[in-house]
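Report on the structure given below.
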Amino acid sequence: MNKPVRPPRQIGYLRKLQHFISVWVLQHVQAFISSLGQLCRSPIASLLTAAVIGISLALPAGFYVILENTRRITAGWEGSVQITAFLHMDVSDARGRELATELGKNQNIAHIKYISRAEALAEFRQSSGFGEALNALEDNPLPSLLLISPRPDTHPEEMAANLLTLLKALPEVDNAQYDQQWVRRLNAMILIVQRIVVIMAVFLGMAVLLIIGNTIRMLIYHRRSEIEIAKLFGATDGFIQRPFLYSGFWYGLCGGLFAWLLIRGSLKLVEKPASHLAELYTSNFSLTGLTFDETLILIGAGVLLGLIGSWFSVSHHLRAIEPA
Amino acid sequence: MIRFNSVHKQYAGGIDALRNINIHIEPGAMAFVTGRSGAGKSTLLRLISLIERPTRGQILVNGQNLERVRGNKVAVFRRNIGFTFQDHRLLTDRTVFDNVALPLVIAGYRYQEIKKRVQAALDKVGLLRKQKSLPLALSGGEQQRVGIARAVVHRPAVLLADEPTGNLDPMLSWEIMCLFEQFNQVGVTVLIASHDLEMIKRMKKRIITLREGRTLTHAGDMHERP
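Protein chains in written order, with the numbering used here: chain A, 1 to 324; chain B, 1 to 226.
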């Protein structure tokens, strides 16, 4: 214990840099592990914090999953917007078929089908269960009609609107309408819900920041005497900050994983009734959860929020602690 | 090693803690600062360790003008100083080993080196077999010795002790003082604040007496009576 140990002056710049980097890496590894140890020492409190963060992340992510599934269902419908053109009662079957062939040449029409009054009645009789009641009628009350599928196009709305005007202008056509107006309305509603999900995600993200910030603040004050001593023995701000930043990282990571588990669990619960419903509609639809990328984004968002929250807290509260 | 030139320290509220202090402590010397409570002993040590800054005057430690030690340099400067405290200020949730290791961990030593040095320091204060204990399981004297091991483990040039024997009986106090003397003998500059005048006199080292913020006795002659 003679003289204080000092780096000899002759050590080259490169060696010094090497030493600096190895110390830096070493201290990061120490902070990484010690912050994890800190969390494990109070497992219940850490778990509760991670759970709160997880729920906050799971809410917007869960809504996103619901939206994505809804979109997948309606996407199948959107492409097949159909136009139904009802013909006047006095238009003959022959004229109707002729009209269908003529319109079939229109390049905006992918598919056209003529349904005669008799066919319409037969179909209605079969599917409605009002067979007996229809027998009581003297005349067939149903008009003949044309089922038209527009050709897929970059501007399907516009093209469908043009087709509709064209059809309405025909003398044989009594009325023409979109078959699935409600799909459009649903999609418009989904757009609004989407915005709400984004707004909610922002709010809950801020909540996560506050939760992590506050948790780190309490950690800092809990370890106040340790920080003072470390500063007295020459700890740099970086050295003192690191474990707290890593704590934020761990909270964010655990919160993100917890959110993922919540979503997985919820999907498992909904999966069965959903596939039952799909069966009733004879659809092969199945619920989809988060993709691999989306899972990474969810967990990454947790980690990022954890780091930002702890950084805010650390830069605000650590400076206030000076040895006394 | 430590030089005070016309140092003045005024706390908020106009209280003068130190007035016109001129001190020079040579490298490798051992000295005591004494005086009643509130005489400015602690302030003197706090100025050296940069916990406080002087209102006026200049302080040089190890050739460095403390005026220029700011920001990140403070941390590096403090690595050359060891501290002990009256209340030990050990971390109660860490083992004795981890407490002593702290200055080395801060300085970025590797575990093998840390282990070697911590055990050497604990051996020196006679507590090697207690390295896995928690501080609260130790007696007051043992805790103070752990504090001393922590203060010297990183081989600082200057060792500052604030009332190291404040809570100990005369027998233990004497042992602690002898420990400080041993470190001084291997070249560490030691400055101890203490109000235990009887014991200090027996150490036959230089004594700096403060009264109401002024140096009352400032003599290089270790036999001089205050």
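Beta carbons: idealized from backbone N, C-alpha and C, even for Gly.
This structure is a prediction, so every number in the text was calculated from the model and none was measured.
- Scanning chain A for C-beta atoms nearer than 8 Å to the C-beta of residue 103 of chain B yields 233 and 234, reported in chain order.
- Per DSSP, residue 30 of chain B is one residue of the beta strand (DSSP E) stretching across 30-34.
- Between residue 159 of chain A and residue 108 of chain A, the gap from beta carbon to beta carbon is short of 8 Å.
- Within a 10 Å sphere around the beta-carbon of residue 246 of chain A sit 16 or more other beta-carbons, which makes this residue buried.
- Annotation for residue 186 of chain A: 74 place their beta carbon closer than 7 Å to its own, counting only its chain and skipping 5 residues before and after.
- Contact with chain B is absent for residue 44 of chain A, since none of that chain's Cβ atoms lies less than 8 Å from the residue's Cβ.
- By the neighbour-count definition (other C-beta atoms within 10 Å, threshold 16), residue 279 of chain A is an exposed residue.
- Counting of Cβ neighbours within 10 angstroms places residue 254 of chain A among the buried residues, the total reaching 16 or more.
- Residue 144 of chain A has its alpha-carbon roughly 11 Å from the corresponding atom of residue 95 of chain A.
- Residues of the stretch 308-323 of chain A with a C-beta less than 8 Å from any C-beta of chain B: 322 and 323, listed in chain order.
- Residue 290 of chain A places its beta carbon 8 Å or farther from that of residue 274 of chain A.
- Put simply, the backbone Cα of residue 202 of chain A is about 29 Å away from that of residue 43 of chain A.
- Per DSSP, residue 13 of chain A is one residue of the alpha helix (DSSP H) stretching across 13-41.
- According to the DSSP assignment, residue 281 of chain A belongs to no beta strand (DSSP E), since it is labelled neither H nor E.
- Of the residues B/180, B/96 and B/20, the one whose Cα lies closest to the Cα of residue 8 of chain B is B/20.
- Going by beta carbons, residue 313 of chain A and residue 217 of chain A fall inside the 8 Å limit.
- Cβ neighbours of residue 104 of chain B within its own chain (closer than 8 Å, five residues either side excluded): 113, 114, 117, 118, 153 and 154.
- Closest in alpha carbon position to residue 90 of chain A, among A/140, A/113 and A/62, is A/140.
- Listed along chain B is no residue with a C-beta nearer than 9 Å to that of residue 53 of chain A; the closest approach is about 25 Å.
- A distance of 8 Å or more separates the beta carbons of residue 127 of chain B and residue 151 of chain B.
- Counting other Cβ atoms within 10 Å of its Cβ, residue 13 of chain B stays below 16 and is therefore classed as exposed.
- Sequence-distant partners of residue 111 of chain A (beyond 5 residues in either direction) whose C-beta falls short of 6 Å from its own C-beta, in its chain, are 149.
- Residue range 93-104 is occupied by the alpha helix (DSSP H) that includes residue 100 of chain A.
- Secondary structure at residue 198 of chain A: helix, using DSSP grouped into helix, strand and coil.
- Runs of the beta strand (DSSP E) lying entirely within the stretch 43-87 of chain A, each at least 3 residues long, are 83-87 in chain order.
- Counting only residues of its own chain and dropping the five nearest sequence neighbours on each side, residue 116 of chain A has a CB closer than 7 Å to the CB of 93, 96 and 144.
- For residue 49 of chain B, the nearest CB of chain A lies under 8 Å from its own CB, placing it at the interface with that chain.
- The bridge partners DSSP lists for residue 173 of chain B come to none.
- Residue 250 of chain A is positioned such that its CB atom lies no closer than 8 Å to that of residue 22 of chain A.
- In the DSSP secondary-structure assignment, residue 83 of chain B is bridged to B/160.
- Residue 98 of chain A and residue 85 of chain A have their C-alpha atoms some 15 Å from each other.
- Relative to residue 26 of chain B, the option among B/2, B/45 and B/34 whose CA is nearest is B/2.
- Contacts with chain B at 8 Å (Cβ-Cβ) do not include residue 191 of chain A.
- Residue environment for residue 114 of chain A: buried (at least 16 other C-beta atoms within 10 angstroms of its C-beta).
- Taking a Cβ-Cβ threshold of 8 Å, the residues of chain B close to residue 230 of chain A are 102 and 106, in chain order.
- Within the stretch 87-101 of chain B, the residues whose Cβ lies closer than 8 Å to some Cβ of chain A are 89 and 91, listed in chain order.
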